[in-house]
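Asker:
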Amino acid sequence: MEKDSVSSSTDPLPRIRPFYTTTKFLIWLLIALFVFSYGWRVTEINPSALLKDAHLVRPLVIALLQPEILVAKTSSKQWEVPFHLERDMAFGFGAPSDPIPEETTEVLRLSPPRGAVGDAVSVQGSGLKANSKGQLFWINSVNQEFPLEEITTDGQGHFESVVTVPPIARSENQKVRLVLAWSSGGWAVSKTLQLTLEKIVETIFLGLMATTLAVILAIPLSFMGARNLMTGVLPRGIYYSVRFLFNILRSVEPLIMAILFAVWVGIGPFAGVLALAVHSTAALGKLFSEQIESIDPGPVEAITATGAKPLQVVLYGVVPQVVPQFLALMFYRWDINIRMSTIIGFVGGGGIGFLLQQWINLLQYHKAATALWSIALVVITLDLISARIREKITTV
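The opening position of the sequence shown corresponds to residue 1 in the UniProt record's numbering, with each subsequent residue numbered one higher.
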């Protein structure tokens, strides 16, 4: 007996196999490798393309790092000289009348002073400000402006350029306009920045109004979407209906909603407010209901035991527990809506995004950079402010 007890005490402990040597782990590893390899192929991931075409994006990045904030103060002056269109192929002007002398102003002269679409016309200028840059425009009979050539005057204030009569010339009376600009010294806030500031304010209030509407709708719906409050057959049916509504609205991107509301109420910030409000109602409703479901049931049970009505139970047992969380989520959603309103503007939802889309489409990347940096500053500022507010609210 003594020998048996000694031998049993010296038996080695059973060895535990590492998890990575089990069959189950190997099976899951093979499944994961298959999923990610298939995902790599489906998404056409090609890291070499990042290096191969990096030079194509460099000019764009440089432009986006140079926002148009301040511009040199300039003075400008313009002159116009008439041009007579001989015939219009579309409307069939008759044969040209008797020759007329060359059209001139005190500084501009056209040679010849009349012609047809596609003809070459010499534009000469004299007596202008020396060493200044300017732009020639063609002005048709309905005052449409078509840019022609950029010019630079010489040391004596002269220039000469040859332009072609553009296709927009469609009636007899046409004009050639010269706009000359020169630096007058000093710096001024650019019109781009002024317009950006105007639209960024609109964006902030777009997000604010959308969040306010969403909160008004989400709060009552969130109580109907809380499982712990909706007990019984009929309340449980309401609960599932409300949760289904939340899921449906959350599944539709605000960008799609903005397109629908832009068609419904017209292009502008109102369409953006409605799109963000609908999506935010579902998002906040779900978050609010989850906060209600996580409350301490003690106060609710105590108030219910006193014979209080359901509304009294909610007002005195539920609301005091969720107010800080509700306020924190409201500020956080406002922050999100301001960021989302940038994309909403791309489809006519108003705000800074509408301007940003136009500048990008026109390849005016310096102006687009002004909008992007403004958006970034506003988002960072609001994020810091909302974080401090949420911190104070949640510690109350």
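The C-beta atom is built at its ideal place from N, Cα and C for all residues, glycine as well.
Assuming residue 116 and residue 165 are in contact, meaning their beta carbons sit under 8 Å apart, how far apart are those beta carbons, in whole angstroms?
Answerer: Start at 1 with the first residue of the sequence shown, and residue 116 comes out as number 116. Start at 1 with the first residue of the sequence shown, and residue 165 comes out as number 165. Contact flag correct, Cβ pair sits at about 7 Å.
Asker: Could you tell me which residues DSSP pairs with residue 82 in its beta bridges?
Answerer: Translated into positions along the sequence shown, residue 82 becomes position 82. Its beta-bridge partners are 175.
Asker: Could you say which of 223, 341, 360 and 306 lies nearest to residue 376 if we only look at CA atoms?
Answerer: Here residue 376 refers to the residue found at position 376 of the sequence shown. If we check each option's Cα against that of residue 376, 341 comes out closest.
Asker: Can the beta-carbon of residue 128 be found closer than 8 Å to that of residue 142?
Answerer: As a position in the sequence shown, residue 128 is number 128, starting the count at 1. As a position in the sequence shown, residue 142 is number 142, starting the count at 1. Result no, Cβ atoms of residue 128 and residue 142 do not sit closer than 8 Å.
Asker: With DSSP as the reference, label residue 281 as helix, strand or coil.
Answerer: Looking up residue 281 in the sequence shown gives position 281. Here residue 281 sits in helix by DSSP.
Asker: Figure out for me which residue from 221, 255, 277 and 281 has the closest Cα to the Cα of residue 345.
Answerer: The sequence position of residue 345 within the sequence shown is 345, counting from 1. Out of 221, 255, 277 and 281, 255 has the C-alpha closest to the C-alpha of residue 345.
Asker: With three or more C-beta pairs closer than 8 Å as the rule, is the region 172 to 180 touching the region 200 to 208?
Answerer: Not touching, per the Cβ criterion.
Asker: If we count the other Cβ atoms within 10 Å of its Cβ and call it buried at 16 or more, is residue 237 buried or exposed?
Answerer: Locating residue 237 in the sequence shown gives position 237, counting from the first residue. With fewer than 16 other Cβ atoms within 10 Å, it is exposed.
Asker: Note down the Cα distance separating residue 168 from residue 112, rounded to an integer number of angstroms.
Answerer: As a working mapping, residue 168 is identified with position 168 in the sequence shown. As a working mapping, residue 112 is identified with position 112 in the sequence shown. Residue 168 and residue 112: Cα-Cα distance of roughly 19 Å.
Asker: Apply the 10 Å Cβ neighbour rule to residue 390 and answer buried if 16 or more other Cβ atoms are within range, or exposed otherwise.
Answerer: Position 390 of the sequence shown, counted from the start, is the residue given in the question as residue 390. Buried, because 16 or more other Cβ atoms sit within 10 Å of the Cβ of residue 390.
Asker: Which runs of the alpha helix (DSSP H) at least 4 residues long sit entirely within the region 239 to 318? Give them in chain order.
Answerer: Within the region 239 to 318, the complete alpha helix (DSSP H) runs of at least 4 residues are 254 to 265, 269 to 293, 297 to 305 and 310 to 313.
Asker: Where DSSP assigns a beta bridge to residue 135, which residues make up the other side?
Answerer: In the sequence shown, residue 135 corresponds to position 135, counting from 1. In DSSP, residue 135 forms a bridge with 150 and 179.
Asker: Keeping to the same chain, check which residues put their C-beta closer than 8 Å to that of residue 352; ignore five residues upstream and five downstream.
Answerer: As a working note, residue 352 is residue 352 in the sequence shown. These residues qualify, in order along the chain: 196, 199, 200, 202, 203, 341, 342, 345, 371, 374 and 375.
Asker: Decide if residue 264 is buried, meaning its Cβ has at least 16 other Cβ atoms within 10 Å, or exposed.
Answerer: Here residue 264 refers to the residue found at position 264 when the sequence shown is read from its first residue. Exposed: under 16 other Cβ atoms inside 10 Å.
Asker: Threshold first: 4 residues or longer. Then list the alpha helix (DSSP H) segments lying entirely within the region 336 to 366, N to C.
Answerer: Taking only runs of at least 4 residues, the alpha helix (DSSP H) segments lying wholly in the region 336 to 366 are 352 to 361.
Asker: Using the Cα positions of residue 160 and residue 378, report the straight-line distance between them to the nearest angstrom.
Answerer: Within the sequence shown, the letter at position 160 stands for residue 160. Within the sequence shown, the letter at position 378 stands for residue 378. Going by the C-alpha atoms only, they are around 49 Å apart.
Asker: When you compare only the Cα positions, how much space is there between residue 214 and residue 232?
Answerer: Position 214 of the sequence shown, counting from 1, holds the residue named residue 214. Position 232 of the sequence shown, counting from 1, holds the residue named residue 232. Cα-Cα distance, rounded: 28 Å.
Asker: Enumerate in chain order the residues of its own chain whose CB-to-CB distance from residue 219 is below 7 Å, with the five nearest sequence positions on each side excluded.
Answerer: The sequence position of residue 219 within the sequence shown is 219, counting from 1. Taken in chain order, the residues that qualify are 288.
Asker: In chain order, what residues of the same chain have a beta carbon less than 6 Å from the beta carbon of residue 261, not counting five sequence neighbours either side?
Answerer: Translated into positions along the sequence shown, residue 261 becomes position 261. Taken in chain order, the residues that qualify are 271, 274 and 275.
Asker: Check for me: the alpha helix (DSSP H) holding residue 109 runs from which residue to which?
Answerer: As a first step, residue 109 must be located in the sequence shown, where it is residue number 109. Counting along the chain, residue 109 falls outside any alpha helix (DSSP H), though it belongs to the beta strand (DSSP E) covering 108 to 111.
Asker: What residue from 109, 60 and 132 has the CA that sits closest to residue 76's CA?
Answerer: What you label residue 76 is simply residue 76 of the sequence shown in a count that begins at 1. Checked all of 109, 60 and 132; the closest Cα to residue 76 is 132.
Asker: Could you tell me the alpha carbon to alpha carbon distance between residue 222 and residue 210, rounded to whole angstroms?
Answerer: Counting from 1 along the sequence shown, the entry for residue 222 is found at position 222. Counting from 1 along the sequence shown, the entry for residue 210 is found at position 210. Computed Cα separation, rounded: 17 Å.
Asker: Are at least three pairs of beta-carbons, each pair with one atom in the region 295 to 303 and one in the region 320 to 329, less than 8 Å apart?
Answerer: Taking 8 Å as the limit for Cβ pairs, the verdict is that the region 320 to 329 does touch the region 295 to 303.
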